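S.K.: All you need for the working numbering is the position in the sequence shown, starting with 1, plus 94.
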Amino acid sequence: ADLEQFAYVASHDLSEPLRMVSGFVQLLAKRYHGKLDADADEFIGYAVEGVNRMQELIDDLLTFSRIGRDGRESVDVDLVSVAQRALKALSTQVAETGATVEVGSLPTVRGNQRELSQLFQNLLSNGLKFRGTAAPRILVTSQPDEHEESAGAQWEVSVADNGIGIAPRHAERIFKMFQRLHMRDLYPGTGIGLPICKKVVEHHDGRIWVEPNPGGGTVFKFTLPTVESDAR
Ligand code: ADP
Numbered sequence: 095a096d097l098e099q100f101a102y103v104a105s106h107d108l109s110e111p112l113r114m115v116s117g118f119v120q121l122l123a124k125r126y127h128g129k130l131d132a133d134a135d136e137f138i139g140y141a142v143e144g145v146n147r148m149q150e151l152i153d154d155l156l157t158f159s160r161i162g163r164d165g166r167e168s169v170d171v172d173l174v175s176v177a178q179r180a181l182k183a184l185s186t187q188v189a190e191t192g193a194t195v196e197v198g199s200l201p202t203v204r205g206n207q208r209e210l211s212q213l214f215q216n217l218l219s220n221g222l223k224f225r226g227t228a229a230p231r232i233l234v235t236s237q238p239d240e241h242e243e244s245a246g247a248q249w250e251v252s253v254a255d256n257g258i259g260i261a262p263r264h265a266e267r268i269f270k271m272f273q274r275l276h277m278r279d280l281y282p283g284t285g286i287g288l289p290i291c292k293k294v295v296e297h298h299d300g301r302i303w304v305e306p307n308p309g310g311g312t313v314f315k316f317t318l319p320t321v322e323s324d325a326r
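Okay, structure coming up:
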């Protein structure tokens with residue numbers, strides 16, 4: 095709890111001075127590009143890059159530490175519309191990569207709308223990002239969770255892609271903070287996306303894990319409790 099509090103306060107309080115540094119470094123880049131010497135242009139370029147990266151890290155850290163802070167504010171959430179909204183937010187990447195994304199029938203669950211949106215957005219954006227040579231194909235489906243004793247009260251949602259895949263030996267590690275399997279210049283990112291997904295799912299009393307996609311690529315699976323009326 096202390097660490098959570100620290101992450102929240104740190105990321106929150108760091109945002110403000112960072113915004114200031116960011117603003118001025120960008121101003122330097124804009125106003126003085128080509129007016130100093132080549133070294134200066136290069137150094138300012140690195141500073142802009144570093145500041146952007148720190149901004150991204152702090153934003154993600156803040157998102158991470160905010161999960162669960164709303165208490166257990168729970169409403170009925172239709173996962174189809176959550177998935178579709180997440181897709182809309184990613185429409186540029188979908189268009190750029192020529193991806194096809196199919197959203198099958200998904201349950202309505204009780205939970206926090208904002209957090210569940212973050213979950214879908216992170217998983218879909220990873221499916222688009224970690225693509226191979228073929229255009230991404232992502233399939234979102236669900237089925238009642240048969241493994242649970244309370245079968246029918248839990249659903250298992252799958253997000254399957256045809257991307258570069260994840261070796262089974264990394265299956266646990268990728269859910270830990272800042273853990274990434276690839277070079278940043280190949281696939282940009284902070285390594286906070288999956289820890290956010292894990293925290294959201296666990297805050298909803300579910301589990302999340304990864305499996306290889308039999309046809310190549312990756313399947314992320316998570317369970318969520320459904321609303322009573324759906325639990326037949
Ligand atoms: P980020 O996307 O910022 O790198 P994540 O926490 O979302 O961080 O993911 C951690 C790592 O797991 C990624 O860097 C990547 O190596 C691997 N990964 C995540 N999703 C996928 C996927 N759909 N296909 C292949 N590798 C993935």
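Just so you know, even glycine gets a beta-carbon here, dropped at the ideal spot from N, CA and C. Quick caveat, the model's predicted, so the values are computed rather than measured.
Could you tell me how far apart the beta carbons of residue 205 and residue 171 are, in whole angstroms, since I believe they sit closer than 8 Å?
M.R.: Indeed, because the Cβ distance is near 5 Å, the residues count as touching under 8 Å.
S.K.: How do the region 121-131 and the region 176-183 stand: do at least 3 beta-carbon pairs fall below 8 Å, yes or no?
M.R.: Output reads no: the region 176-183 does not touch the region 121-131.
S.K.: Throw me the rounded Cβ distance for the residue 254 and residue 233 pair, which I believe falls under 8 Å.
M.R.: Indeed, because the Cβ distance is near 5 Å, the residues count as touching under 8 Å.
S.K.: List the whole-angstrom C-beta distance separating residue 141 from residue 191, where the pair is believed to meet the contact cut-off of C-beta under 8 Å.
M.R.: The Cβ separation is near 31 Å, so there is no contact.
S.K.: With a threshold of 7 Å on Cβ separation, who are the neighbours of residue 291 within its own chain once the five nearest residues in sequence on each side are excluded?
M.R.: Hits under 7 Å: 213, 216, 217 and 302.
S.K.: Along the chain, where does the alpha helix (DSSP H) that runs through residue 99 open and close?
M.R.: Here the alpha helix (DSSP H) through residue 99 covers 96-126.
S.K.: With distances taken Cα to Cα, identify the nearest neighbour of residue 287 among 268, 195 and 251.
M.R.: Residue 287 has its Cα closest to that of 268, out of 268, 195 and 251.
S.K.: If contact is defined by three or more beta carbon pairs under 8 Å, each pair taking one atom from either stretch, is the region 195-209 in contact with the region 273-280?
M.R.: These segments do not touch.
S.K.: By DSSP's criteria, residue 204 is part of a beta bridge. Which residues make up the other side?
M.R.: Note: residue 204 sits in a beta bridge opposite 170.
S.K.: Whose CA, out of 103, 107 and 155, lies closest to the CA of residue 285?
M.R.: Here the closest residue by C-alpha is 155.
S.K.: So residue 249 packs on residue 201, CB below 8 Å; how close in whole Å?
M.R.: Indeed, because the Cβ distance is near 5 Å, the residues count as touching under 8 Å.
S.K.: Could you name the residues that DSSP lists as bridge partners for residue 197?
M.R.: Paired residues: 234.
S.K.: Which stretch, first to last residue, makes up the beta strand (DSSP E) that contains residue 304?
M.R.: Note, residue 304: beta strand (DSSP E), 302-306.
S.K.: Rank 108, 298, 258 and 296 by C-alpha distance to the C-alpha of residue 280 and give the top, closest one.
M.R.: Nearest option by C-alpha distance: 258.
S.K.: Helix, strand or coil for residue 321 per DSSP?
M.R.: Residue state, collapsed to three classes: coil.
S.K.: Could you work out which residue in 169, 272 and 293 is closest to residue 207 when comparing CA atoms only?
M.R.: The option with the nearest alpha carbon to residue 207 is 169.
S.K.: Please classify residue 186: is it buried, with 16 or more other beta-carbons within 10 angstroms of its beta-carbon, or exposed?
M.R.: Classification of residue 186: exposed, given that the 10 Å Cβ count is below 16.
S.K.: Using 8 Å as the cut-off, classify the Cβ of residue 106 as near or not near the heavy atoms of the ligand ADP, replying yes or no.
M.R.: False, no ligand heavy atom lies under 8 Å from that Cβ.
S.K.: Label residue 326 either buried or exposed according to how many other C-beta atoms from any shown protein chain fall within 10 Å of its C-beta, with 16 as the threshold for buried.
M.R.: Because residue 326 carries a pLDDT of 39, less than 50, the predicted location of this residue cannot be relied on, and the following value inherits that uncertainty. Residue 326 is exposed by the Cβ-count criterion.
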